[in-house]
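Colleague:
Number of protein chains: 2
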Amino acid sequence: MPQDDQLPPTDSEFDRATAVRRAEGGGFTADLQPGWDVGSGILNGGYLLAVTAQAALADSPHPHPVAVSASYLRATPPGPATLAVTPGPVGRTLAHTAVVLSGAAGPTLSVQVTTATLGDDAPLRAVPAPDAPPVEECLEAVPGAEMGGHPVPAVGLRHRVETRLDPATAGWATGNPSGEPVMRAWLRLADGREPDPLALLLFADVLPPTSWSMGLMGWAPTVQLQVLVRARPAPGWCLAEARANEVAGGWLDEEYRIWDSTGRLVAQSRQLARAPR
Amino acid sequence: MPQDDQLPPTDSEFDRATAVRRAEGGGFTADLQPGWDVGSGILNGGYLLAVTAQAALADSPHPHPVAVSASYLRATPPGPATLAVTPGPVGRTLAHTAVVLSGAAGPTLSVQVTTATLGDDAPLRAVPAPDAPPVEECLEAVPGAEMGGHPVPAVGLRHRVETRLDPATAGWATGNPSGEPVMRAWLRLADGREPDPLALLLFADVLPPTSWSMGLMGWAPTVQLQVLVRARPAPGWCLAEARANEVAGGWLDEEYRIWDSTGRLVAQSRQLARAPR
């Protein structure tokens, strides 16, 4: 998906916010948008992954990011950023690219992107979607609004991604955490754009830390995150299930599985994060 | 764990095979050992991760690799290799390092290593070990020997890592694949060295592809692999469970969970691999 000097016109806020532009002398620039934050002006890790994937796709013969591994070196602030791209081997089925995102203070995110062409083959073996109530029976997380009598944190990301929480996993929002570090939610872009592999990178780190369901209400900064995109999602809502397995020694893992509106598994992610105190 | 020009004397074949040496002008060299292969002279991905982690640890104030993400750019042959190291931020709790391993033909493996200091805290939430028969009731996979009347593939790695397969997940070895892409095995280094976080990197990709249990007996080359080390393992055998979840469109994911001899979860890994045809 080559990009010209001019960004393509688009009605999608997500497309505009993740666009990259070729820089003189090589690499790309991006203008990271403040609205994609998780509070305190800190940009969401999935949003940043989508930006770096755009840079990797620009010179790849393959249109889809299928595996993305990122080290979060420092918090990335909104504003101008540069993306240094190191191309790796390019093959018939896949290509490798390394991307380093830097802000004014230096590198903040180091990402390895594998691009490929996802087909339409039916799975030989599939992961079925979990049971979840229909969208209209789930809880809408709107920043500043109330949910179960408690204010929803003022997180810009929630304005960009419509998030409907399965009530069974949303007890933390009403002061009754379930004790199980699991969250399920229906997701779609608020700008009306249908999901695609880039949007799945965003969705793969879009929920609050599942440790909130253990009553650990602090932030859980991502250290490393790997996202696998397994299929192109069908239009409509995606269902995400996030789960922490082991919480120990100040660390937690967090896994996401994401299904499209047809119930097909379309993405998996796993991150190591610092556990809230 | 700084390394001097002289490699430390050791009785461990694993330590010798993963040792790195400072190169003039920066970076490191390694002499990749042919015995750590998975057949056809191709070196095991976990072995290579351990070598790259050694390079990352050399200048880190932290002694343990806790998160390692690798893109397998090309097959890595045995023999002399160089390791280019790009240090990232170093903090009180963790440090980031990028390592690129190159053979005579160029870069073959690009790795992001997060190092930290693992403590002895009891888990707040733990993943219990699965049921598995005791070691002595499991099947020994010795290359060239027979297992259930069938020859075990001549894979050097099996001489380096003692592998005792849970018979319930070893039907593929006797021509009766279970259909479920799951394998469980007890693991230890054949040289008698006790497990540590470096050995866990090796163990995190040490079993045959779980797609063999689906009757897909070809190789499943790793594209990207992430390993999380969650605790320092106790001495003795480790139990690994590997599982493919989604097999579709020529791709499969493969997840490992590894417990130490006390039943504590010590490592998790996930890879995207090309599915055998």
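Residue numbers (my numbering), protein chains in the order written: chain A, -19 to 257; chain B, -19 to 257.
Cβ atoms here follow ideal geometry from the backbone N, Cα and C, with glycine treated the same way.
Give the residues of chain A in contact with P69 of chain B, contact being defined as C-beta atoms less than 7 Å apart.
Modeller: By one-based count along the second sequence, residue 69 of chain B stands at place 89. Ordered by position in chain A, the residues that pass the 7 Å Cβ test against P69 of chain B are L53 and R54.
Colleague: State whether the stretch 172 to 185 of chain B contacts the stretch 77 to 90 of chain A, with contact taken as three or more CB pairs (one from each stretch) at a distance under 8 Å.
Modeller: Flag = no, the stretch 172 to 185 of chain B and the stretch 77 to 90 of chain A do not touch.
Colleague: Roughly how many angstroms lie between the CA atoms of L53 of chain B and A121 of chain B, to the nearest whole one?
Modeller: The residue you call residue 53 of chain B lines up with position 73 of the second sequence. The residue you call residue 121 of chain B lines up with position 141 of the second sequence. Each residue's Cα considered, the two are about 29 Å apart.
Colleague: Which of helix, strand or coil does DSSP assign to M197 of chain A?
Modeller: Mapped onto the first sequence, residue 197 of chain A falls at position 217. Three-state DSSP puts M197 of chain A in coil, outside helix and strand.
Colleague: Which two residues bound the contiguous beta strand (DSSP E) that contains G83 of chain A?
Modeller: By 1-based counting over the first sequence, the position of residue 83 of chain A is 103. Taken as a continuous stretch (DSSP letters only), the beta strand (DSSP E) holding G83 of chain A covers L74 to G83.
Colleague: Assuming G155 of chain A and S193 of chain A form a contact by the criterion Cβ under 8 Å, report the distance between their Cβ atoms to the nearest whole angstrom.
Modeller: On the first sequence, position 175 is the one that residue 155 of chain A refers to. On the first sequence, position 213 is the one that residue 193 of chain A refers to. Actually they are not in contact, since the Cβ atoms of G155 of chain A and S193 of chain A sit about 12 Å apart, beyond 8 Å.
Colleague: Does E226 of chain B have its Cβ less than 8 Å from a Cβ in chain A?
Modeller: For the purposes of this step, residue 226 of chain B is taken as the residue at position 246 of the second sequence. Chain A, which has a Cβ nearer than 8 Å to the Cβ of E226 of chain B, makes this yes.
Colleague: What are the start and end residues of the alpha helix (DSSP H) that includes T32 of chain B?
Modeller: Counting from 1 along the second sequence, the entry for residue 32 of chain B is found at position 52. Segment G25 to A38, the alpha helix (DSSP H) holding T32 of chain B.
Colleague: Measure the CB-CB distance between A253 of chain B and P188 of chain B and report whether it falls below 8 Å.
Modeller: Translated into the one-based positions of the second sequence, residue 253 of chain B becomes position 273. Translated into the one-based positions of the second sequence, residue 188 of chain B becomes position 208. No, these two residues do not count as a Cβ contact at 8 Å.
Colleague: For H42 of chain A, would you say it is in contact with chain B, using Cβ-to-Cβ distances shorter than 8 Å as the test?
Modeller: Here residue 42 of chain A is taken as the residue at index 62 of the first sequence, counted from 1. Cβ-Cβ to chain B under 8 Å: no for H42 of chain A.
Colleague: Taking only beta-carbon atoms, is T(-2) of chain B less than 8 Å away from chain A?
Modeller: Residue mapping note: residue -2 of chain B aligns to position 18 of the second sequence, counting from 1. It does not: the Cβ of T(-2) of chain B has no partner Cβ on chain A nearer than 8 Å.
Colleague: Would you call the stretch 15 to 31 of chain A and the stretch 177 to 187 of chain A touching, i.e. three or more CB-CB distances under 8 Å?
Modeller: Touching, yes.
Colleague: Check each residue of the stretch 92 to 107 of chain A: if its Cβ is closer than 9 Å to any Cβ of chain E, include it; give the result in chain order.
Modeller: Protein chains in the displayed structure are A and B, and chain E is not among them.
Colleague: Short of 7 Å in beta carbon distance, which residues of its chain neighbour D(-16) of chain B, apart from the five on each side in sequence? Order them along the chain.
Modeller: On the second sequence, position 4 is the one that residue -16 of chain B refers to. In this prediction, D(-16) of chain B scores a pLDDT of 45, lower than 50, which makes its location untrustworthy; no coordinate-derived value is stated.
Colleague: By the 10 Å Cβ neighbour count, where 16 or more other Cβ atoms means buried, how is D100 of chain B classified, buried or exposed?
Modeller: Reading the second sequence from its first residue, position 120 is the one you call residue 100 of chain B. Counting Cβ neighbours within 10 Å, D100 of chain B comes out exposed, since fewer than 16 surround it.
Colleague: What's the C-alpha gap between E106 of chain B and A112 of chain B?
Modeller: In the second sequence, residue 106 of chain B corresponds to position 126, counting from 1. In the second sequence, residue 112 of chain B corresponds to position 132, counting from 1. According to the sequence shown, residue 106 of chain B is Ala rather than Glu. Going from the Cα of A106 of chain B to the Cα of A112 of chain B covers about 18 Å.
Colleague: Quick one, are the C-beta atoms of T190 of chain B and V162 of chain B less than 8 Å apart?
Modeller: Position 210 of the second sequence, counting from 1, holds the residue named residue 190 of chain B. Position 182 of the second sequence, counting from 1, holds the residue named residue 162 of chain B. Result yes, Cβ atoms of T190 of chain B and V162 of chain B sit closer than 8 Å.
Colleague: Can you check whether the C-beta of G195 of chain B is within less than 8 Å of a C-beta belonging to chain A?
Modeller: To locate residue 195 of chain B, count along the second sequence from 1; it is residue 215. It does not; no Cβ of chain A falls within 8 Å.
Colleague: Quick one: which residues of the stretch 227 to 243 of chain B get their C-beta closer than 9 Å to a C-beta of chain A? List them in chain order.
Modeller: Against chain A - using a Cβ distance shorter than 9 Å - the residues of the stretch 227 to 243 of chain B are V227, A228, G229, G230, W231, L232, D233, E235 and R237.
Colleague: Quick one, which of A:T242, A:S51, A:L81 and A:P58 has its alpha-carbon nearest A261 of chain A's?
Modeller: The shown model of chain A, from -19 to 257, leaves out residue 261 of chain A, and the question about it has no answer.
Colleague: Buried or exposed, going by whether 16 or more other CB atoms sit within 10 Å of the CB of A153 of chain B?
Modeller: The residue given as residue 153 of chain B occupies position 173 in the second sequence. Buried, because 16 or more other Cβ atoms sit within 10 Å of the Cβ of A153 of chain B.
Colleague: Three-state secondary structure (DSSP) at T202 of chain A?
Modeller: If you number the first sequence from 1, residue 202 of chain A lands on position 222. T202 of chain A falls in the strand class under three-state DSSP.
Colleague: In the DSSP output, which residue or residues are listed as bridge partners for W231 of chain B?
Modeller: Along the second sequence, read from residue 1 onward, the residue named residue 231 of chain B stands at position 251. BP columns for W231 of chain B point to B:A228 and B:R254.
Colleague: Would you give the residue range spanned by the beta strand (DSSP E) that L181 of chain A belongs to?
Modeller: Residue numbering aside, residue 181 of chain A sits at position 201 when the first sequence is read from its first letter. L181 of chain A -> not in any beta strand (DSSP E); alpha helix (DSSP H) instead, spanning P177 to F183.
Colleague: Helix, strand or coil: which one does DSSP assign to G151 of chain B?
Modeller: For the purposes of this step, residue 151 of chain B is identified with residue 171 of the second sequence, where counting begins at 1. Helix at G151 of chain B.
Colleague: Can you check DSSP and say which residues form a bridge with F8 of chain A?
Modeller: In the first sequence, residue 8 of chain A corresponds to position 28, counting from 1. F8 of chain A is bridged to A:R2 and A:L63.
Colleague: Closer than 8 Å between beta carbons: that is the criterion. Which residues of the stretch 194 to 222 of chain A meet it against chain B?
Modeller: The residues in question are M194, V203, Q204, Q206, L208, R210 and A211.
Colleague: Ends of the alpha helix (DSSP H) at R138 of chain A?
Modeller: Here residue 138 of chain A corresponds to residue number 158 of the first sequence, with the count starting at 1. Here the alpha helix (DSSP H) through R138 of chain A covers L137 to R140.
Colleague: Can you tell me which residues form a DSSP beta bridge with E221 of chain A?
Modeller: Here residue 221 of chain A refers to the residue found at position 241 when the first sequence is read from its first residue. According to DSSP, E221 of chain A bridges with A:R164 and A:R237.
Colleague: Ordered along the chain, which non-local residues of its own chain (more than five positions away) have a Cβ less than 7 Å from that of M(-19) of chain A?
Modeller: Working through the first sequence from its first residue, we reach residue -19 of chain A at position 1. Residue placement at M(-19) of chain A cannot be trusted, given a pLDDT of 44 that sits under 50; what the coordinates show is reported in the next sentence. Around M(-19) of chain A: L37, A38 and P43.
Colleague: So with CB distances below 8 Å, who are the chain A contacts of R250 of chain B?
Modeller: Against the second sequence, residue 250 of chain B aligns to sequence position 270. Ordered by position in chain A, the residues that pass the 8 Å Cβ test against R250 of chain B are Q206, L208, Q248 and R250.
Colleague: Can you list the residues of chain A that V31 of chain B reaches, using a CB-CB cut of under 9 Å?
Modeller: As a first step, residue 31 of chain B is located in the second sequence; it is residue number 51 there, counting from the start. Per Cβ cutoff of 9 Å: no residues; V31 of chain B is ~18 Å from chain A at best.
Colleague: Do R1 of chain B and T9 of chain B have their C-beta atoms within less than 8 Å of each other?
Modeller: Reading the second sequence from its first residue, position 21 is the one you call residue 1 of chain B. Reading the second sequence from its first residue, position 29 is the one you call residue 9 of chain B. Yes, the pair counts as a contact, with Cβ atoms nearer than the cut-off.
Colleague: Residues bridged to Q13 of chain B by DSSP?
Modeller: As a working note, residue 13 of chain B is residue 33 in the second sequence. DSSP output for Q13 of chain B lists no bridge partner at all.
Colleague: Which residues bound the beta strand (DSSP E) around S158 of chain A?
Modeller: Position 178 of the first sequence, counting from 1, holds the residue named residue 158 of chain A. Unbroken run through S158 of chain A: none, as it is neither H nor E.
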